[in-house]
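A.B. asks:
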Amino acid sequence: MTSFSDHYPLRDRNTFGLAATARHWAEFRTTGQLREILLTCRERQLPWYVLSGGSNTILTGDFPGVVIHPAATGIGLPEPTLVRAEAAVVWDDLVAWTVERGLGGLENLSHIPGLVGAAPVQNIGAYGAEAKDTIETVEYFDTERLETVRISGSECSFGYRDSVFKGILRGRAVVTAVEFRLTPEGPDYSYHMDYGDLNDRVRALGGPSVANIRRAVIAIRREKLPDPAVTGNAGSFFKNPVIPAEEAERLRATYPDLPGYRSADGETVKVPAGWLIDRAGWKGFREGTVGVHPRQALVLINLGGATAQEVLHLARRIIEDVERKFGIRLAMEVNVL
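Given below as structure tokens:
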């Protein structure tokens, strides 16, 4: 039997440190346990929600049903270059595991908070790499058919911070494991270091290697981003907007220093949301219990005792101000529950 914990506090289960309580909390290690939890929810007509690492979630209040949490943490090698990780593996532990074994592909995604199960849902990315680049298979439990399904990475409809799990499978699929096709480090391995100052950092560490890229990425992220254990935050709060290339050129006529990353077809440009927020004057802003991080404008922070309403009010003010000044409407990256 799977046990349910009643009136479960969620403050320590979300990195923003927002106070909330779940009517029930249930963890699963096997699909059999997950099936049992979902059947109980059906029988008792309880809503449910899967909370992974809580690093990308804003809790707006108490949850009236069952918060489900994955607990399986196995990592293995079904094949020499195929890594299988269960949903509750800490993402950065997986990256460290692969780098220690000389397997390349995940090193640019070092030090991203959260668990493996959330990686394909969000298609996490950093420093020119995304989870989709290496995901070969996603295993999920279909909550309607109550059975395990495996789909290829090509079937996941991956986009910028998007996937099929945020589309037609939203609320239906619970990711239980992910398989990554990686590449042994060697003379022909292609390192990705042409994003920001990553190249200079890696060179300073002695040159390209998956280990040095990991070290450089961790150092950069620690310098720019607050530690959730010290300052509550959800990481990148907004998506980087993708705009038509013509619009980017018009903006550069007024803002010559506007950074941007052109798409492969040259038709669109991804503009750093942090630059827009900073240029609009919000970087380092503080008001009451919430603020904008002084070193990374993309990150909203909990200054102590913040509520979801205060966080979202600040987010809306920033969105409206950026749109007024640049004509670009930012979209939130976080999930609001």
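Here my numbering is used: the first residue of the sequence shown is 40, the next is one more, and so on.
Backbone N, C-alpha and C fix where the C-beta goes; we use that ideal spot for every residue, glycine too.
(1) Enumerate, from N- to C-terminal direction, the unbroken beta strand (DSSP E) stretches of 3 or more residues contained entirely within the segment 81-134.
(2) Nearest to Leu121 by CA position, among Leu208, Gly299, Arg334, Leu145, is which residue?
(3) Cutting at 8 Å between CB atoms, please list the residues of its own chain near Ser193, excluding the five before and the five after it.
(4) Return helix, strand or coil for Trp64, following the three-state DSSP convention.
(5) Relative to the alpha-carbon of Tyr199, which residue among Tyr230, Tyr234, Gln161 has its alpha-carbon at the smallest distance?
(6) Is the segment 290-305 touching the segment 249-263 in the sense that three or more CB pairs, one from each, lie closer than 8 Å?
(7) My guess is that Asn95 and Val373 are in contact by the Cβ rule of under 8 Å, so how many angstroms apart are they, rounded?
(8) For Gly164, which beta-bridge partners are listed by DSSP?
(9) Considering only their Cβ atoms, is the gap separating Ile107 from Val89 smaller than 7 Å?
(10) Flag this pair as yes or no: are the beta carbons of Ala59 and Leu98 separated by less than 7 Å?
(11) Would you identify the three-state DSSP class for Leu369, choosing helix, strand or coil?
(12) What's the gap between the Cα of Arg74 and the Cα of Pro48?
(13) When burial is assigned at 16 or more other CB atoms within 10 Å of the CB, is Ser166 buried or exposed?
(14) Tell me whether Lys322 is buried or exposed, calling it buried when 16 or more other Cβ atoms sit within 10 Å of its Cβ.
(15) Starting from Asp181, trace the alpha helix (DSSP H) in both directions and tell me its first and last residue.
(16) Since Arg220 and Glu175 should fall inside the 8 Å C-beta cutoff, what is the C-beta to C-beta distance between them, to a whole number of angstroms?
(17) Applying the 10 Å Cβ sphere with the 16-neighbour rule, what's the burial state of Thr69?
(18) Can you look up Phe197 in the DSSP assignment and give me helix, strand or coil?
(19) When DSSP labels each residue in this structure, what does His150 get in the three-state scheme?
(20) Within the chosen definition, does the segment 182-191 reach the segment 240-248 through at least 3 CB pairs nearer than 8 Å?
(21) Beta strand (DSSP E) containing Asn341: first to last residue?
(22) Can you tell me the Cα-Cα spacing of His352 and Gly206, whole angstroms?
(23) Can you grab the Cα-Cα spacing for the pair Ala111 / Leu133, in whole Å?
(24) Alpha helix (DSSP H) containing Glu286: first to last residue?
C.D. replies: Quick answer:
(1) Runs found: 87-89, 102-109, 114-118, 121-125.
(2) Leu145
(3) Annotation for Ser193: no residue places its beta carbon closer than 8 Å to its own, counting only its chain and skipping 5 residues before and after.
(4) Three-state DSSP puts Trp64 in a strand.
(5) Gln161
(6) no
(7) Yes, they are in contact, since the Cβ atoms of Asn95 and Val373 sit about 5 Å apart, within 8 Å.
(8) Glu169
(9) yes
(10) yes
(11) coil
(12) 24 Å
(13) Checking the displayed sequence, the identity of residue 166 turns out to be Tyr instead of Ser. Flag for Tyr166 reads buried.
(14) buried
(15) Looking at the DSSP string, Asp181 is not in any alpha helix (DSSP H); the run it does join, the beta strand (DSSP E), is 174-181.
(16) 4 Å
(17) exposed
(18) Phe197 falls in the coil class under three-state DSSP.
(19) coil
(20) no
(21) 339-341
(22) 26 Å
(23) 13 Å
(24) In the DSSP assignment, Glu286 falls within the alpha helix (DSSP H) that extends over 284-293.
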